[in-house]
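Data first, discussion second: the structure below is written as structure tokens.
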Amino acid sequence: MARNLLIVESPAKARTINKYLGKDFTVLASYGHVRDLVPKEGAVDPDDGFAMRYDVIEKNQKHVDAIAKAAKAAENLYLATDPDREGEAISWHIAEILRERGLLKDKPLQRVVFTEITPRAIKEAIANPRGIAEPLVDAQQARRALDYLVGFNLSPVLWRKVQRGLSAGRVQSPALRMIVEREEEIEAFQAREYWTVQAECRHPSQPFNARLVKLDGEKFEQFTITDGETAEDARTRITRDAGGVLQVTDVTRKERKRRPAPPFTTSTLQQEAARKLGFTTKRTMQVAQKLYEGVSLGEEGTVGLISYMRTDSVHLSGEALGELRDVIARDFGTDSVPDKPNFYKSKSKNAQEAHEAIRPTSALRTPSQVARYLDDDGRRLYELVWKRAVASQMVPATLNTVSVELAAGSDHAFRVSGTTVVFPGFLAVYEEGKDQRAADADDEGRKLPPMQPGDRIPLDAVTTAQHFTEPPPRYSEASLVKALEEYGIGRPSTYASIIATLLFRKYVELDSRRFRPTDVGRAVSKFLAGHFTQYVDYDFTARMEDELDAVSRGEEEWVPLMERFWTPFKQLVEDKKESLDKVDAGSVRILGDDPASGRPVSARIGKYGPLVQMGTVEDEEKPKFASLQPGQSIYSITLEQALELFKMPRTLGEHDGEPVTVGIGRFGPFAKRGSTYASLTKEDDPYTIGLDRAVQLIEEKEEIARNRIIREWDGSDVQVLNGRYGPYISNGQLNAKIPKDVEPSSLTLEEATRLIEETGKPARGRFGKKAAKKVVAKKAAKKVAKKAAKKATAKKATAKKATAKKATAKKAAKKAVKKAAKKVAKKAG
């Protein structure tokens with residue numbers, strides 16, 4: 001075992017760094033967080049200074065044990081987790097575990113930090129260690145405690161008033177509110193009609209189109225013309241007054257500079273990767289993580305290609321600036337290098353926490369040079385990072401804008417603009433996504449023919465076009481991250497997890513890569529906004545983030561911060577628990593009365609999701625319920641649409657002496673005959689499907705069932721089955737794959753049983769869940785037995801001399817038990 005132990009977070013990083021440090025170091029990975037709050041009430045105790053009860057994360061127990069074993073043999077310990085709050089907290093947790101196990105006596109434990117994984121950066125970090133930064137740890141603990149207290153106190157309220165199994169997150173709830181409010185804006189939006197007027201000009205050098213800016217002596221605005229008849233009258237007047245010619249009245253030329261954007265932060269990388277590459281935030285961070293941790297570059301070895309990817313900072317180190325300027329001069333000429341480096345100011349108050357922007361660890365490694373060592377995602381993201389960093393240190397682009405006014409008679413005027421690039425500057429390397437330069441979008445790249453005041457330009461035609469205003473777009477991942485950043489909600493390390501949580505909880509869904517809130521998501525958001533307004537307020541959430549940042553900088557203590565939050569929050573939850581008993585469930589919409597029965601019809605969230613209800617629980621007759629169809633929402637469904645849903649199930653007729661019906665269940669529309677249920681396809685409408693089609697679907701389902709069993713054995717639960725993805729083995733609890741070189745029908749019971757024992761995984765569905773629980777219970781029992789065995793071994797090791805006495809005592813105990821059993825049997829007889 002080496003004298004020095006260095007601990008990082010990921011195995012990929014460990015492998016890369018191990019190659020740099022040589023035989024004097026052992027590099028181990030913690031595999032992320034090693035401890036978390038115990039998953040039950042009381043893990044955070046507000047009455048004891050917010051004391052937090054931690055436990056080792058079960059899946060990482062073996063990694064913790066490996067670290068402890070190596071720490072025992074090492075002379076020097078280095079904690080080299082990521083350079084942010086989460087990384088600092090992981091280092092602190094590892095230190096606490098080692099301290100509790102008595103492994104830090106007389107051993108130096110040092111924290112080392114680097115923002116890139118290169119030999120120079122690693123060796124420099126080890127040469128300049130520091131202690132664990134307690135303020136960063138406090139900030140992370142405060143965040144975790146806040147999230148825990150909000151979740152454990154608000155979620156049960158949601159279970160009672162909306163639906164069981166829901167959760168309320170401190171940061172995810174304002175993000176959900178943002179998406180829901182945008183959806184409500186879209187629903188409330190009323191389109192307005194407007195018309196544009198355009199002149200088609202035939203210049204001898206180059207034809208072009210110009211837009212109307214003056215009509216009848218007045219400024220022409222968006223809603224000057226709002227119907228087709230008025231548009232046609234205007235077109236006729238302009239054509240008559242122009243007489244087939246437009247006269248140039250003014251030509252304005254303006255030269256301007258466009259500065260490059262700063263190098264990437266986490267949020268701007270996520271936004272640009274979404275716009276330009278179509279990546280989700282999760283995919284962006286996964287690919288960036290691989291580039292940061294290290295890629296094998298052939299003879300050069302494994303190298304981290306980009307700096308740390310969770311950062312608010314737009315700062316670049318002096319060394320990085322020098323290298324970028326050298327590359328610009330070499331590849332784009334010295335006139336593309338500014339006299340002094342370009343410096344950018346970060347909007348984040350806490351940017352010093354992560355030292356640099358995201359950049360290539362060496363600008364000398366061009367995208368073309370490393371492309372063959374990367375997969376497609378890695379190549380594209382590295383190219384984006386490299387180009388953005390290089391462009392950030394180049395001279396501005398010089399643009400020439402020409403604007404020409406053209407008169408159509410004395411009362412009407414058109415205008416055309418064009419922007420051309422005089423000197424590309426940074427545009428030779430990189431240009432931001434389109435929505436970043438919306439102001440230039442109309443005339444960017446358009447080159448106009450030469451024109452001077454007094455020129456007469458032939459007019460081919462005057463055309464009109466109808467338009468309608470559009471509602472604001474739903475949030476994409478890029479625009480949501482941008483909005484969260486602008487509001488100050490969350491931090492770089494949290495954006496991807498916020499989005500992942502909203503999708504996982506099914507509070508939102510992606511529709512054409514845009515977020516649409518589900519009915520459950522809307523119900524949760526409306527309930528929280530109505531009853532816990534402050535805690536989903538954007539400003540409140542942003543202020544809380546600012547206070548956590550202040551804790552991380554050592555400017556504020558975390559316990560007083562927690563007390564200021566907890567006291568009013570606890571009181572509000574207690575008050576609401578009492579008052580909400582009188583409140584109906586979340587998001588109930590009364591649609592009207594059923595014309596046939598007069599009973600009220602409502603739309604609401606039920607146990608299994610959105611539904612419509614006819615009648616109330618107070619009625620003598622039980623209420624009727626019907627599930628919504630895909631695409632329907634409790635917030636927009638009409639009474640007529642709801643009444644149609646109550647027509648289910650429909651009886652289509654009889655077949656083989658049994659009724660055939662169609663209904664809509666939890667998993668969508670289905671046809672039923674006897675005990676056979678067959679799902680309808682997307683093309684089948686449950687309200688119009690006929691008997692023949694329903695019978696066809698049912699018989700196809702029964703045919704699949706008949707052919708499902710390839711082989712089975714009497715007296716055994718083991719079967720060889722045909723599945724959706726091919727043949728497999730199952731015993732009802734565990735499923736196992738069949739090796740490709742094995743013919744499924746040739747398997748023996750012994751072979752099938754062995755495959756289940758060696759490779760079986762819990763079956764899905766109702767029975768699979770039970771099986772999974774059994775498997776988990778079995779593993780837990782093994783774990784307990786293993787621990788007990790360890791303890792027993794330890795006791796044996798410390799009491800070798802008493803072995804003989806123990807054996808005697810054991811025999812005596814067995815004898816006593818047998819004697820007692822005989823006495824009991826005698827009495828019973």
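As numbered in the UniProt record's numbering, residues 1 to 829 make up the sequence shown, in order. We put the CB at the ideal spot given by N, CA and C, even for glycine.
DSSP places Lys-607 in no beta strand (DSSP E); its state is neither H nor E. Restricted to the region 664 to 744, the beta strand (DSSP E) segments that are unbroken, complete and at least 3 residues in length are 668 to 673, 676 to 679, 709 to 712, 719 to 723, 726 to 730, 734 to 737, listed in chain order. Across the structure, Ala-500 and Leu-176 are spaced so that their CA atoms are roughly 12 angstroms apart. Val-402 places its beta carbon 9 angstroms or farther from that of Gln-198. A contact is defined here as three or more CB-CB pairs under 8 angstroms, and the region 60 to 72 fails this definition with respect to the region 110 to 129. Counting along the chain, no alpha helix (DSSP H) covers Glu-405; the unbroken beta strand (DSSP E) around it starts and ends at 397 to 408.
Inter-residue distance for Leu-79 and Pro-260 is about 38 angstroms (C-alpha atoms, whole angstroms). Arg-456 and Thr-249 have their C-alpha atoms some 10 angstroms from each other. Secondary structure note for Asp-106: it is in no alpha helix (DSSP H), with a DSSP letter that is neither H nor E. Put simply, of Ala-371, Leu-246, Trp-92, Ala-642 the residue whose alpha carbon is nearest the alpha carbon of Leu-406 is Leu-246. Taking Thr-753 as the centre and dropping the five residues before and after it, the same chain places the C-beta of Val-718 closer than 7 angstroms to its C-beta, in chain order. In this structure, DSSP gives Ala-391 a helical state, which the three-state scheme calls helix. In the DSSP secondary-structure assignment, Ile-7 is bridged to Leu-28, Leu-79.
Contact between Arg-711 and Ser-745 holds, since their C-beta atoms are separated by about 6 angstroms, short of 8 angstroms. Per the DSSP secondary-structure output, Ser-552 pairs with nothing in a beta bridge. Counting C-beta pairs with one atom in each stretch, the region 423 to 435 and the region 227 to 243 have fewer than three that are closer than 8 angstroms, which means they do not touch.
Only exposed fits Glu-486, as fewer than 16 other CB atoms lie within 10 angstroms of its CB. 9 angstroms or more divides the Cβ of Val-314 from the Cβ of Gly-586. Glu-293 sits buried, since 16 or more C-beta atoms from the chains shown fall within 10 Å of its C-beta.
Under the three-state reduction of DSSP, Asp-377 is assigned to helix. Within the model, the alpha-carbon separation for Val-337 versus Arg-325 is close to 6 angstroms. Exclusion of the five residues before and after Glu-75 leaves Arg-3, Asn-4, Lys-107 as the residues of its chain whose Cβ lies within less than 8 angstroms of its Cβ.
Contact between Ala-363 and Val-385 is ruled out by a C-beta separation of about 10 angstroms, above the 8 angstroms threshold. Check the Cα spacing between Glu-699 and each of Thr-688, Trp-713, Arg-673, Gln-571: the tightest is with Arg-673. With a cutoff of 9 angstroms on beta-carbon distance, Arg-202 and Pro-458 are scored as near each other.
The beta carbons of Ala-139 and Trp-558 sit about 7 angstroms from each other, so the pair counts as a contact at 8 angstroms. Assigned with DSSP and collapsed to three states, Met-648 falls in coil, not helix or strand. When rounded, the separation of the alpha-carbon atoms in Gly-169 and Phe-504 is 13 angstroms.
Burial check for Ile-704: the Cβ neighbour count within 10 Å stays below 16, so the residue is exposed. Between the alpha carbons of Lys-740 and Gly-732 lies a distance of about 22 angstroms. Approximately 11 angstroms separates the beta-carbon atoms of Tyr-373 and Leu-291; this is outside 8 angstroms, ruling out the contact. From the listed residues Ser-296, Pro-263, Met-309, Gly-298, the smallest Cα separation to Thr-284 is found for Met-309. Per DSSP, the continuous beta strand (DSSP E) segment holding Asp-55 begins and ends at 54 to 56.
For a cut-off of 8 angstroms, the C-beta gap from Ile-489 to Ala-542 is around 6 angstroms, short enough to register as a contact.
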